[in-house]
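Report on the following structure.
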Amino acid sequence: MNVDRYAVIGNPVAHSKSPLIHTAFAKATAQSLSYERLLAPRDGFAAAVADFAAQGGKGLNVTIPFKLDAFALVREKSERAESAGACNTLAWRGDHWFGDNTDGAGLLRDLTVNLSENIAGRSVLVLGAGGAARGILQPLLGQRPHRVVVANRTHARAVELATRFTPYGAVASIEPRALAGSRFDIVINATSIGLNSQVPRDLWPDGMFASAALAYDLVYANQKTPFMVWAAEQGAAKTADGLGMLIEQAAESFLLWRGVRPETAPVFALLRGG
Ligand code: ATR
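186 is the number that this note's numbering gives to position 186 of the sequence shown; each next residue is one higher, with no gaps.
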């Protein structure tokens, strides 16, 4: 029997939790499919994707460093992929790939459903102005926050990003040192500081967290990330890493591919526990 084939493509990809997540979704929704890891050479993304399609592949999750390559490759794409300028999900449409980006929707679901956070009317600070920041601005602005402020080490990139998203809502850039004295309800780490380096304490001023503020790191780990530790020291009432977003963006991809939205809570418990 032929089962529909899906995969996550990246480099590196061995660490990816996507196979575990999608296999759990498939089991819970009684969908018959296979899901594997595809390691593509850094200069061989298009060839690997074409190969996968030729072998009957139905869909791909795209991870580092190929989200821009995926965007460039697809013939048809969703509006949210357009606005992010990157694709994290590809769906085979019989003779071409359709490109989507489910990262922003995944973040929104994690914030609003899992963490019960209101975004409407709140002040949001996004730290970083690279690809990860670009992928979340339109979905955030769609929730009608009081304002979204983008701050980045290289200020010019924050200016460029804020300008690009001005048509979607109240977004502005600010130089990191000019943040002193401002307070935010939600602070999102969209830098690539990640797990192995420390939050640059000389860059981000103290005291940016409003009372009851949430600090959200797009990165996830088995222990608290450096950003979460720093935010808690700074008085953030709640901290969260990006595991919920990872699972929610996967659910959104699964929905696109299979037409069924899987429950995410059991998979969150499985991954957090293991
Ligand atoms: P991604 O796709 O993960 O966003 P990216 O496009 O390379 O990756 O962007 C990385 C982001 O993290 C940038 O905003 C970068 O700041 P610069 O634009 O100044 O490079 C930010 N970043 C990386 N290392 C950082 C550090 N040590 N301190 C502050 N910001 C950092």
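Cβ coordinates follow ideal geometry from the N, Cα and C atoms, glycine included. Treat the numbers as computed from the prediction; the structure is a model and nothing was measured.
Annotated three-state conformation of F66 is coil, per DSSP. Around the beta carbon of T264, a 10 Å sphere encloses 16 or more other beta carbons of the protein chains shown; the residue is thus reported as buried. Contact between A120 and V150 is absent: CB atoms are separated by about 19 Å, not below the 8 Å threshold. Counting along the chain, V159 sits inside the alpha helix (DSSP H) bounded by residues 155-165. Near the ligand ATR, residues with a Cβ at less than 5 Å from any of the ligand's heavy atoms are G128, A129, G130, G131, A132, N152, R153, T154, R157, T191, S192, P200; the list follows chain order. A residue is called buried once 16 or more other Cβ atoms fall within 10 Å of its Cβ, and H22 is buried on that count. Considering only R93, G181, L137, A91, the residue with the shortest C-alpha distance to A172 is L137. The stretch 19-100 contains, as complete alpha helix (DSSP H) runs of 4+ residues, the segments 45-54, 67-73, 79-84 (chain order). When only Cα atoms are considered, A210 and S18 end up about 34 Å apart.
Taken through DSSP and simplified to helix, strand or coil, D202 comes out as coil.
Going by C-alpha positions, A236 is about 33 Å away from T89. The straight-line gap separating the alpha-carbon atoms of V229 and L246 is approximately 20 Å. V187 is positioned such that its CB atom lies closer than 8 Å to that of L127.
Between R80 and N101 the beta-carbon gap is near 5 Å, inside 8 Å, which marks them as a contact. With a beta-carbon spacing of about 7 Å, Y6 and W257 fall inside the 8 Å limit used to define contacts. DSSP places I136 inside the alpha helix (DSSP H), whose first and last residues are 131-141. Secondary structure note for A251: its alpha helix (DSSP H) is the uninterrupted segment 243-258.
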